[in-house]
Amino acid sequence: MEGFAEDFIVDEEVPLSIWSGSIQNIRIKDLNDGDVAKLIRQMIHLHSIIPEALKRLKENPVAGYLGDGEVLEAIAKVEKREWDNNPDICELVRSFIDGFIHLFENNELNFPEDEERFSNQEREEYYQMLKEIRTTLEKSEL
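As numbered in my numbering, residues 419 to 560 make up the sequence shown, in order.
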């Protein structure tokens, strides 16, 4: 990946290794939403990937490759210790999530208008996920 010069040897018998090898020469901004979400789920290069994820969420709050909301769901699964180890990123995400909660509560978040694609129940689940992320971030040691 752009900006990372670490040597990486692909183990052809390990799917995650094959995937990692496949993205080694791709710029972060050119990764698809699924790759961004997977990097977050794997806790790989969070200091570089999280800012890209937030850019994508600003453009599309339900950014994802496998399904709507995949990028935000990946952020929601980041463990507290990762936020503790990345205080600058933690603060960036905290500010972003607070802004998204404000937009959501004022019905200003740019969700897909098609309710068959993104129902009211899914919107409520999205809101709960935002609040869960905020709770995790608040517990982090800054």
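Ideal placement from N, C-alpha and C gives every residue a C-beta, glycine not left out.
Chain-order list of residues whose beta-carbon lies under 8 Å from that of M547 (same chain, five-residue window excluded):
G487, L490, E491, A494
Please state if the CB of F514 and the CB of L464 are separated by a distance shorter than 8 Å.
no
Using alpha carbons as the reference points, say which of R445, L555, N524 lies closest to N504.
L555
Closer than 7 Å by C-beta to N528: which residues in its own chain qualify, once you throw out the five before and the five after it? Chain order, please.
P479
Give the secondary structure of P469 by DSSP, where H, G and I count as helix, E and B as strand, and everything else as coil.
helix
Give the C-beta separation of I468 and I507 to the nearest angstrom, bearing in mind that I take them to be a contact with Cβ-Cβ under 8 Å.
5 Å
Identify the continuous alpha helix (DSSP H) that holds N538 and give its terminal residues.
538 to 557
With a threshold of 7 Å on Cβ separation, who are the neighbours of R541 within its own chain once the five nearest residues in sequence on each side are excluded?
F529
Sub-8 Å separation of V454 and E470 beta-carbons:
yes
Which of the three DSSP states, helix, strand or coil, is assigned to E488?
helix
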